[in-house]
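Numbering (my numbering), first residue to last: 101 to 183.
Right, here's the structure in full:
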């Protein structure tokens, strides 16, 4: 079995011959590409929302841990003053 290398020019020449599409096929392909782009935009929006939510969550965690650290420092100071 032999394999012939296919150049880009050969491939393009073959696909030009094969791509004799009707108007209906072109409209279907255009619609499919439109839906594909729409789904990609939705995915990007969801990813941005997740990133924003994580950023808010991380800021919330920072505030929570700083309150805990402040409480611990005050408690440690109270116990040192009692000794």
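Virtual Cβ for every residue (Gly too), placed ideally from N, Cα, C.
Quiz item: From what residue to what residue does the alpha helix (DSSP H) around residue 150 run?
Solution: If you number the chain shown from 1, residue 150 lands on position 50. Start and end: 123 to 182.
Quiz item: Roughly how many angstroms lie between the CA atoms of residue 165 and residue 137, to the nearest whole one?
Solution: Translated into the one-based positions of the chain shown, residue 165 becomes position 65. Translated into the one-based positions of the chain shown, residue 137 becomes position 37. So the alpha carbons of these two residues sit roughly 42 Å apart.
Quiz prompt | Alpha carbon of residue 171 to alpha carbon of residue 154, nearest angstrom | solution = Locating residue 171 in the chain shown gives position 71, counting from the first residue. Locating residue 154 in the chain shown gives position 54, counting from the first residue. Roughly 25 Å between the two C-alpha positions.
Exercise. Determine the direct distance from the alpha carbon of residue 134 to that of residue 146, and round the result to whole angstroms.
Key: Along the chain shown, read from residue 1 onward, the residue named residue 146 stands at position 46. Along the chain shown, read from residue 1 onward, the residue named residue 134 stands at position 34. Spanning the two alpha carbons is a distance of roughly 19 Å.
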